[in-house]
Amino acid sequence: MSVSDSIADAITKIRNAYRANLRQVTVNHSKLVESIVRILNEENYINSFDIIERNPDKNILRKQLSISLRYTNNGEPVMKNIQRVSTPGRRVYVKGNNIPAVYNNTGCAIISTNKGVMVDREARKTVVGGEYVCKVW
5 MSVSDSIADA ITKIRNAYRA NLRQVTVNHS KLVESIVRIL NEENYINSFD
55 IIERNPDKNI LRKQLSISLR YTNNGEPVMK NIQRVSTPGR RVYVKGNNIP
105 AVYNNTGCAI ISTNKGVMVD REARKTVVGG EYVCKVW
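First residue of the sequence shown: 5, per my numbering; consecutive thereafter.
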């Protein structure tokens with residue numbers, strides 16, 4: 005099955021897994037999805053992630069990312085929501101000096117820049133803009 009928007013598919017799978025109180029979720033791999041998941045790991049929204057290589061013998065036909073989700077001691081999800089901002093039908097770009105804050109800087113925005121995928125704090129510090137991929141809180 006082909007997916008037209010792999011980023012939205014991965015974000016939806018992560019959001020649904022948190023809502024279902026799952027501990028593990030698997031999403032299809034792409035370089036941009038891997039960068040987003042790496043940022044979620046650095047920002048402590050997830051515990052860890054592993055890259056599952058393609059293996060036709062085990063019926064794994066595509067490269068995948070296995071994500072271990074993070075919960076508080078009370079069982080509440082650390083990530084309250086994750087939302088896609090820029091879509092294939094409506095791209096949203098921001099300038100380096102005009103990056104919006106997510107929930108009074110308690111959340112983070114993920115920006116795809118010409119210097120790589122980065123969090124809004126780093127993009128503000130280096131004054132570089134780009135595509136506003138998603139926001140997390």
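A virtual CB, placed ideally from N, CA and C, is assigned to each residue, including glycine. Just so we're clear, the structure is a prediction, and the values are computed from it rather than from any experiment.
Beta strand (DSSP E) containing residue i: first to last residue?
| i | result |
| --- | --- |
| I38 | For the record, residue 38 in the displayed sequence is Glu; it is not Ile. Where E38 is concerned, there is no enclosing beta strand (DSSP E), although the alpha helix (DSSP H) it sits in stretches over 35-46. |
| S139 | The residue you asked about is not Ser; residue 139 is Lys in the sequence shown. Residues 134-140. |
| A105 | From DSSP, A105 is part of no beta strand (DSSP E); its letter is neither H nor E. |
| S72 | 68-73 |
If we count the other Cβ atoms within 10 Å of its Cβ and call it buried at 16 or more, is residue i buried or exposed?
| i | result |
| --- | --- |
| I50 | buried |
| S90 | buried |
| D124 | buried |
| R88 | buried |
| S72 | exposed |
| V106 | buried |
Can you grab the Cα-Cα spacing for the pair residue i / residue j, in whole Å?
| i | j | result |
| --- | --- | --- |
| K17 | T30 | 8 Å |
| R42 | M122 | 10 Å |
| N118 | S52 | 26 Å |
| I114 | G134 | 10 Å |
| S34 | S116 | 14 Å |
For the candidate residues the options, whose alpha-carbon lies nearest to that of residue i?
| i | options | result |
| --- | --- | --- |
| N32 | N77, R66, K84 | R66 |
| G167 | V132, R88, S52, Y136 | Since the first residue of the chain shown is 5 and the last is 141, residue 167 is not available in this structure. |
| A24 | P81, S52, G111, V106 | P81 |
| N109 | K119, R95, I11, V140 | V140 |
| K129 | G111, C138, I103, V137 | I103 |
Looking at the C-beta of residue i, does it have a partner C-beta in chain B at a distance below 8 Å?
| i | result |
| --- | --- |
| G111 | As a matter of chain content, chain B is missing from the structure shown, which is built from one protein chain. |
From what residue to what residue does the alpha helix (DSSP H) around residue i run?
| i | result |
| --- | --- |
| T30 | No alpha helix (DSSP H) contains T30, which is instead part of the beta strand (DSSP E) from 28-32. |
| N51 | Run containing N51: none in the alpha helix (DSSP H); it sits in the beta strand (DSSP E), 50-56. |
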